[in-house]
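Residue numbers (my numbering): 999 to 1159.
What follows is a set of notes on a single structure, which appears directly below.
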């Protein structure tokens, strides 16, 4: 490198000083290394899935996040306690809850009851924060992935019906 006064400085620490001929050979060596990797990948087997044709044999990972759903308990009821943690932690307001406060007749205490659980699949970024923060395990992701629609309104789901 040349300084302001026209003198050559030593290269920065960690950099090797090369002549122009050594630089050309070094460039060719790195080019050949890259080409070697390219040729190895060119001749390895392909793992492309032929999706529409292999629909019957398609296996998805258990970690795949497709659609949010509400699993039912052993009595066939939703497990949601209407705490609103999923709503508060959703980064882009995908979830909307309609909650009603009712008074328990036996104890006289007020209790939250979920009326409607609205989920917008079109704006969900599948981060899984809502599932992780739910204390009652009332929501989960399934592996359904075919969601192509012509109208985005069809991507809004009411989960507790």
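Beta carbons: idealized from backbone N, C-alpha and C, even for Gly.
Just so you know, these numbers come straight off a predicted model, no measurement behind them.
Residues bridged to residue i (per DSSP)
i            : result
residue 1097 : 1112
residue 1076 : 1070
residue 1139 : 1066
residue 1091 : Answer is none; residue 1091 lacks a bridge partner.
residue 1151 : Answer by DSSP bridge pairing: none, since residue 1151 is not bridged.
residue 1118 : 1154
Host beta strand (DSSP E) of residue i (start-end)
i            : result
residue 1154 : 1154 to 1156
Cβ-based burial, residue i [other Cβ within 10 Å; buried from 16]
i            : result
residue 1092 : buried
residue 1117 : buried
residue 1136 : buried
residue 1027 : exposed
residue 1146 : exposed
Cβ pair residue i, residue j closer than 8 Å
i            : j            : result
residue 1086 : residue 1115 : no
residue 1122 : residue 1066 : yes
residue 1134 : residue 1078 : yes
residue 1112 : residue 1073 : no
residue 1084 : residue 1125 : no
residue 1120 : residue 1150 : yes
residue 1108 : residue 1097 : no
residue 1095 : residue 1080 : yes
residue 1064 : residue 1141 : yes
Boundaries (first-last residue) of the alpha helix (DSSP H) holding residue i
i            : result
residue 1024 : 1018 to 1041
residue 1085 : 1083 to 1087
residue 1130 : 1127 to 1131
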